[in-house]
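Novice:
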Amino acid sequence: MDKETLRQEMLARRAALTLAQVEAASAAICRQLDGWPVFRRAHSVLAYLAFQNEVSLQRLLDRYPEKVWALPRVLLGGLLGVHRYQPDRLVRHPWGLLEPAADSPQVVLEEIELALVPGVGFDPKGGRLGFGGGYYDRLLPRLDAVRVGVAHAEAVVPIVPRQEHDCRMDWLALPSGLVLIELQ
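In terms of the numbering used here, the sequence shown is residues 49 to 232.
(1) On the CB-based measure, 16 or more other CB atoms within 10 Å of its CB, does residue 190 come out buried or exposed?
(2) Would you mind reading off the limits of the alpha helix (DSSP H) that contains residue 86?
(3) Terminal residues of the continuous beta strand (DSSP E) containing residue 92?
(4) Which residue wins for smallest C-alpha separation from residue 182, given the options 66, 173, 216, 60?
(5) Could you tell me the alpha carbon to alpha carbon distance between residue 100 and residue 110, rounded to whole angstroms?
(6) Touch check for the region 151–162 and the region 83–99: three-plus C-beta pairs under 8 Å?
(7) On the DSSP letters alone, give me the boundaries of the alpha helix (DSSP H) that residue 52 sits inside.
(8) Locate the beta strand (DSSP E) running through residue 107, then write down its first and last residues.
(9) Output yes or no for whether 8 Å exceeds the beta carbon distance between residue 54 and residue 78.
(10) Hey, out of 169, 226, 147, whose CA is closest to residue 132's CA?
(11) So residue 205 and residue 171 are in contact, right, with Cβ under 8 Å, and what is the actual spacing, rounded?
(12) Can you give me the start and stop residues for the beta strand (DSSP E) that residue 228 sits inside?
(13) Between which two residues does the beta strand (DSSP E) holding residue 150 run?
(14) Any idea which residues DSSP pairs residue 120 with across the strands?
(15) Do residue 119 and residue 97 have their beta-carbon atoms positioned less than 8 Å apart in this structure?
In structure tokens form, the structure reads like this:
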């Protein structure tokens with residue numbers, strides 16, 4: 049299956065999830081991450097604010113205000129800026145997602161230790177399918193961080209078509225647990 053067909057199928061699956069399913073998956077994944085030593089040790093964490101039935105990490109952002117939470121901000125040219133999470137300094141992007149205001153403090157990319165990455169779909173070999181803009185594929189190579197794909201169980205498929213520029217995940221965070229990607 050080509051990427052665009054798979055993307056549409058995966059987005060339809062996610063759209064069909066009920067609020068109760070999204071909340072249950074979000075709570076389970078936050079519990080998994082909360083108990084993970086890699087998360088506990090990380091001082092600076094790239095996260096995201098949930099959009100269109102994505103797994104919400106809000107519980108972690110609220111529980112650990114002492115962490116440096118870095119959130120993406122959509123920039124011109126298909127890039128993501130990375131800014132400090134400040135709950136009272138969020139703005140709505142024209143696509144509908146919440147992001148840090150343009151004048152929010154930027155986070156130094158080299159300081160990010162853990163990247164919690166959303167996606168439309170993932171596979172067991174660390175493949176990630178996003179919305180198709182390549183934003184994370186341009187950001188992730190600039191980070192020296194453990195990459196964790198955060199997903200509903202329904203977002204995992206046997207194979208995500210991958211191109212040379214597509215970034216792989218090191219782990220998957222699923223409601224059933226954390227899964228280490230075995231590179232082959």
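All C-beta atoms in this analysis are idealised placements derived from N, C-alpha and C, irrespective of residue type, glycine included.
Specialist: Short version:
(1) The Cβ neighbour count for residue 190, taken over all protein chains shown within 10 Å, is under 16; the residue is labelled exposed.
(2) 85–89
(3) 92–94
(4) 216
(5) Residue 100 and residue 110 have their alpha carbons spaced roughly 20 Å apart.
(6) yes
(7) 51–63 is the span of the alpha helix (DSSP H), which, as asked, contains residue 52.
(8) Residue 107 -> not in any beta strand (DSSP E); alpha helix (DSSP H) instead, spanning 106–111.
(9) It is not a contact, given that the beta carbons lie outside the stated cut-off.
(10) 147
(11) 6 Å
(12) 225–228
(13) Unbroken run through residue 150: none, as it is neither H nor E.
(14) 130
(15) Yes, they are a contact pair.
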